[in-house]
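Down below is the structure, laid out as structure tokens.
2 protein chains.
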Amino acid sequence: MPPSRPTIADVAQRAGVSIATVSRVLNGTAPVDTETAERVRSAIAALNYVPHAAARTLASRRTDTIGLLLPEISGAFFQPMLRGVEAGVSEAGFDLLIHTTQSRPENAPRRPLGEHNTDGLLVFTESLDAKELTRLYTIGFPVVLLHQAPPNSLNIPVVTIENQSGAQKIVEHLIEVHNCHRIVFLQGPEGHEDSTWREKGYRLALKAHGLTFDPSLVARGAFNRDEARATMEQMLLDGVEFDAVFAGDDDAAVGVYLALRQAGRRIPEDVAVAGFDDQVFASTLTPALTTVRAPTEQVGRDAVHLLARLLKGEQAEPRLVLPTELVIRESCGCRG
Amino acid sequence: MPPSRPTIADVAQRAGVSIATVSRVLNGTAPVDTETAERVRSAIAALNYVPHAAARTLASRRTDTIGLLLPEISGAFFQPMLRGVEAGVSEAGFDLLIHTTQSRPENAPRRPLGEHNTDGLLVFTESLDAKELTRLYTIGFPVVLLHQAPPNSLNIPVVTIENQSGAQKIVEHLIEVHNCHRIVFLQGPEGHEDSTWREKGYRLALKAHGLTFDPSLVARGAFNRDEARATMEQMLLDGVEFDAVFAGDDDAAVGVYLALRQAGRRIPEDVAVAGFDDQVFASTLTPALTTVRAPTEQVGRDAVHLLARLLKGEQAEPRLVLPTELVIRESCGCRG
DNA sequence: GCGTTTTCTGAAAGCGCTTACATAGTATAG
DNA sequence: CTATACTATGTAAGCGCTTTCAGAAAACGC
Chain A
606 MPPSRPTIAD VAQRAGVSIA TVSRVLNGTA PVDTETAERV RSAIAALNYV PHAAARTLAS
666 RRTDTIGLLL PEISGAFFQP MLRGVEAGVS EAGFDLLIHT TQSRPENAPR RPLGEHNTDG
726 LLVFTESLDA KELTRLYTIG FPVVLLHQAP PNSLNIPVVT IENQSGAQKI VEHLIEVHNC
786 HRIVFLQGPE GHEDSTWREK GYRLALKAHG LTFDPSLVAR GAFNRDEARA TMEQMLLDGV
846 EFDAVFAGDD DAAVGVYLAL RQAGRRIPED VAVAGFDDQV FASTLTPALT TVRAPTEQVG
906 RDAVHLLARL LKGEQAEPRL VLPTELVIRE SCGCRG
Chain B
606 MPPSRPTIAD VAQRAGVSIA TVSRVLNGTA PVDTETAERV RSAIAALNYV PHAAARTLAS
666 RRTDTIGLLL PEISGAFFQP MLRGVEAGVS EAGFDLLIHT TQSRPENAPR RPLGEHNTDG
726 LLVFTESLDA KELTRLYTIG FPVVLLHQAP PNSLNIPVVT IENQSGAQKI VEHLIEVHNC
786 HRIVFLQGPE GHEDSTWREK GYRLALKAHG LTFDPSLVAR GAFNRDEARA TMEQMLLDGV
846 EFDAVFAGDD DAAVGVYLAL RQAGRRIPED VAVAGFDDQV FASTLTPALT TVRAPTEQVG
906 RDAVHLLARL LKGEQAEPRL VLPTELVIRE SCGCRG
């Protein structure tokens, strides 16, 4: 057995002080004589002492940890968000505990992240049910929602993006600049809030230009390459006529590319394509994808800061909506 | 203040037993009468009781958590690895604590992951220095290395992939099938082990076909799109002649694509390009990228299982090398 | 100088669990 | 029917910290 790690008592003994004093030096919670503090610090260094996180948590009732709940950790969309969360968390001096809800086996622990192991939670759309969210709210546990409005209009802060206006702008671009009239819209997963807003934007754009909404042009892309591809193939098979596709998000746009290419339809000559998010790969597709830039990294970062403020007991704005921005590339027909 | 969460004592009282019995029901560490156990379980359900992780850790000296140390969490390369690690961790019944070493601010905690908050560590190349690795080894703390051999030939288990033979195979494909003679090799980041092995494979392939190694064809791509692009542009500017590029990895291959395209060189007609890893985007590039499939997800999963075995005190193989596989697409000139 | 505040330090009580150890009851063996 | 062995449960001692409380020492005010 290896020599067990030094405890605060070892440090105290070596420095000739009580453990309370060591704790004070460690946390700066009370004035300590300069020389004493120095002795403690050198004892810490000599022993290679690191405080035991669990003991600390138990005694102080703080975990110094923020929990992040999301559907999946891989997936290009979550990369910038994770980067933002990570940066925010480390700036704010917390640790990060990540939990993904997809692909969880049956025997999953009942409540993997919560008051027992984090000080606060970041919750992405669909990764925690309304019941648990309500429970957390009623016990006053700090939560910040990402890309999702609170259920039952609870007063839980939200960070999200301008979905509707972004979608409207890009659809209007297709209409105004490229004279598209029959624009397919691929919805996101069932009940996905981002998708709902984007569809509203899509409809508003049509309306603003006197185009009637055609339900046969709307189908599910599920924000997913393969599903979008299958949907697209089906539409082609069904002989649905269209001159543009607003894919809902960039992942779906890739599926659209694949389906159209296979069917021999040229982008953008035969069909203009637009995405949403501006994920990393968007610019390297051929043709480069016209899309809406979502400040996903900033969402992550802002959410953490908002949560951090909540944890300090400060007041925080209940809703943060970050602006999106049109990114014109080639797939719509510009610079074709 | 919200009503504080129930403790084991509350459960014990409600079930009319001692806290020890509750603990036994919770952990199954000793026989408990069926009926008593049932009473305890319903008390737990009624109170919505969840054991306090920190208290548990403190008392049992186990964290049930595995730590993962890597340079960055975003980046397409790490996605499959994370997926594998995640899956493995949840299969093995552990929690996952992730820590990234890049972009850490100055005031970073001295040792964010270690014996004090995890039972064992998964360490990706370059994310922990030899000194700390040695320290962990000497105190007998379980560690599994990913894509990296242990320093000072310590006996630390490793999970990695067949870099050398994979690289050799793809370079030989360029030589044998496409008759390439002047093949550029873009190295990974300074000191990156994967890169070292790939370079060896590159040299072996040349040698096996009687081609002499030309140092002017080797430059740094850093496994990074932008850096590879810049390097490539410089080579074009310098007038270096070549008929193929083995980009080191897929990210660098994208940079190569961009640089070549801008310079008006066609892929694969003028220059054949090959990558390594077979990241998600490889098949959707135009032309589709010929590369070497690295079983990155499997690496993550296997590493966790290896670590889990170590944690159980079982013996584990000291080195796991997963096979790579040639993936021929269009960028080399096949099915052009 | 003497009371009063301020600064520093230590003793000790938990935080919510796990886990020897002890004990009582119940089988099983001879 | 007594000796032996389980089985089921409780008691209590920590795990390594933080934090309250109190006290000693030093500094201050007048």
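Listed in order, the protein sequences are those of chains A and B.
All residue numbers for the first sequence refer to my numbering, where the first residue is 606 and numbers rise by one.
All residue numbers for the second sequence refer to my numbering, where the first residue is 606 and numbers rise by one.
Think of the CB as a built atom: it goes at the ideal place given N, C-alpha and C, for glycine as much as any other residue.
Computed from a predicted model, the values in this text were never measured in an experiment.
What would DSSP say about residue i, mapped onto helix, strand or coil?
i, result
"B:D843", "coil"
"B:Q792", "strand"
"A:E711", "Unreliable placement is indicated for A:E711, whose pLDDT of 48 sits below 50; the coordinate value is still reported in the next sentence. Correct three-state label for A:E711: coil."
"A:R906", "helix"
"B:V782", "coil"
"A:A625", "helix"
"B:T765", "strand"
"B:V876", "coil"
"B:R871", "coil"
"B:R661", "helix"
"B:L655", "Before going further, note that residue 655 of chain B is Val rather than Leu in the sequence given. It is coil, neither helix nor strand."
"B:A849", "strand"
"B:P756", "helix"
"B:Q773", "helix"
"B:V637", "coil"
"A:G860", "helix"
"A:G806", "helix"
"A:D615", "helix"
"A:T801", "helix"
"A:R914", "helix"
"A:D854", "coil"
"A:T817", "coil"
"A:P892", "coil"
When the Cα atoms are used, what is the spatial distance from residue i to residue j?
i, j, result
"A:V655", "B:P820", "48 Å"
"B:L916", "B:D669", "10 Å"
"A:R667", "A:A659", "10 Å"
"A:L911", "A:L727", "10 Å"
"B:R906", "B:G693", "5 Å"
"B:A921", "B:V764", "11 Å"
"A:G815", "A:L809", "10 Å"
"B:R871", "A:F847", "33 Å"
"B:T889", "A:T891", "9 Å"
"B:E731", "B:W802", "16 Å"
"B:L673", "A:R688", "16 Å"
"B:L744", "B:L759", "It should be pointed out that residue 744 of chain B corresponds to Ile in this sequence rather than to Leu. Roughly 13 Å between the two C-alpha positions."
"A:A735", "A:G796", "13 Å"
"B:S665", "B:T626", "16 Å"
"A:V845", "A:E935", "24 Å"
"A:R661", "B:F729", "28 Å"
"B:Y862", "A:L779", "29 Å"
"A:F818", "A:V885", "32 Å"
"A:A794", "A:R834", "At residue 794 of chain A the sequence reads Pro, which differs from the Ala that was named. Near 14 Å, if we compare the C-alpha coordinates of A:R834 and A:P794."
Per DSSP, which one or two residues make a beta bridge with residue i?
i, result
"B:F930", "The question names Phe, yet the displayed sequence has Glu at residue 930 of chain B. Answer is B:R898."
"B:R610", "Answer by DSSP bridge pairing: none, since B:R610 is not bridged."
"B:V645", "In DSSP, B:V645 forms no bridge with anything."
"B:L925", "B:V764"
"B:D882", "B:R898"
"B:A824", "B:L791"
For this session: Could you pull out every unbroken beta strand (DSSP E) segment of at least 3 residues lying fully inside the segment 668 to 753 of chain A, listed in chain order?
Result: 670 to 675, 700 to 705, 725 to 729, 748 to 751
For this session: Give, in chain order, every residue of the segment 912 to 928 of chain B whose Cβ lies closer than 7 Å to some Cβ of chain A.
Result: none
Exercise. Listed in chain order, which residues of the segment 719 to 745 of chain A have Cβ atoms closer than 9 Å to some Cβ of chain B?
Worked result: G719, E720, H721, N722, R740, T743, I744, G745
Exercise. Taking Cβ-Cβ distances below 8 Å as the criterion, which residues of the segment 877 to 894 of chain B are in contact with chain A?
Worked result: Within the segment 877 to 894 of chain B, the residues whose Cβ lies closer than 8 Å to any Cβ of chain A are, in chain order, V885, F886, T889, L890, T891.
For this session: Identify each residue in the segment 804 to 820 of chain B for which the Cβ-Cβ distance to at least one residue of chain A is less than 7 Å, and report them in chain order.
Result: none
Exercise. Using Cβ-Cβ distances below 7 Å, what residues of the segment 612 to 641 of chain B are close to chain A?
Worked result: none
For this session: Mind checking the segment 650 to 663 of chain B against chain A and listing, in chain order, the residues whose C-beta falls within less than 9 Å of any C-beta there?
Result: N653, V655, P656, H657, A658, A659, A660, R661, T662, L663
For this session: Scan the segment 857 to 869 of chain B for residues whose Cβ lies nearer than 7 Å to a Cβ of chain A and list them as they occur along the chain.
Result: Taking 7 Å as the Cβ-Cβ cut-off against chain A, the residues of the segment 857 to 869 of chain B that qualify are V859.
For this session: Using a Cβ-Cβ cut-off of less than 8 Å, give me the residues of the segment 747 to 771 of chain A that come near chain B, in sequence order.
Result: none
Problem set entry | Contact residues within the segment 817 to 843 of chain A, judged by C-beta distance below 8 Å to chain B | none
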